[in-house]
Amino acid sequence: MVLGTLVEATLPVIGWKTNRLRELDAQFAKQGEVVSREMRIDFAFAVCTSRGRRRIDSKIAKVQSGIAACWARRVERIKSRFRGLGNES
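Numbering (the numbering used here), first residue to last: -2 to 86.
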């Protein structure tokens, strides 16, 4: 508990924008997952290094591409249902 508070208090000091943490929460929420407090602490420590930031950015990109792929499949299913309906004369 104290460690989490310490990390959250240090985030602005190390220059990290908490928006990125909110964005991570939002991306996981779209997939129906919950970001645990431990994941948030791991995330906060990971962003202290540029290598950690790149790793987190790539994970967020994977989540976003997964969401995009899911929507693309859904759109294709809908299109396939309605193909041919307007061709009947």
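Quick reminder that beta carbons are idealized off the backbone N, C-alpha and C, glycines included.
What you are looking at is a predicted structure, and each value in this text was computed from that prediction instead of being measured.
### Query
If you draw a straight line from the C-alpha of Ala66 to the C-alpha of Arg51, how long is it?
The residue given as residue 66 occupies position 69 in the sequence shown. The residue given as residue 51 occupies position 54 in the sequence shown. Computed Cα separation, rounded: 22 Å.
### Message
Let me confirm a value: Gln61 is counted as buried when at least 16 other C-beta atoms fall within 10 Å, else exposed. Which label applies?
### Response
Taking the sequence shown and counting its residues from 1, one reaches residue 61 at position 64. So Gln61 counts as exposed.
### Query
Can you round the beta-carbon distance between Lys27 and Ile64 to whole angstroms, since I take them to be within the 8 Å contact cut?
For the purposes of this step, residue 27 is taken as residue 30 along the sequence shown, with counting starting at 1. For the purposes of this step, residue 64 is taken as residue 67 along the sequence shown, with counting starting at 1. Between Ile64 and Lys27 the Cβ distance is about 6 Å, and since that is below 8 Å, they are a contact.
### Message
For Ser55 and Phe79, what's the separation of their Cα atoms in angstroms?
### Response
As a position in the sequence shown, residue 55 is number 58, starting the count at 1. As a position in the sequence shown, residue 79 is number 82, starting the count at 1. If you draw a straight line from the Cα of Ser55 to the Cα of Phe79, it is about 36 Å long.
### Query
If you draw a straight line from the alpha carbon of Arg70 to that of Glu20, how long is it in whole angstroms?
Position 73 of the sequence shown, counted from the first residue, corresponds to residue 70. Position 23 of the sequence shown, counted from the first residue, corresponds to residue 20. Their Cα atoms are separated by approximately 24 Å.
#### Entry: Spatial distance of Ala23 from Trp68 (CA atoms)
Taking the first residue of the sequence shown as position 1, residue 23 is located at position 26. Taking the first residue of the sequence shown as position 1, residue 68 is located at position 71. Computed Cα separation, rounded: 17 Å.
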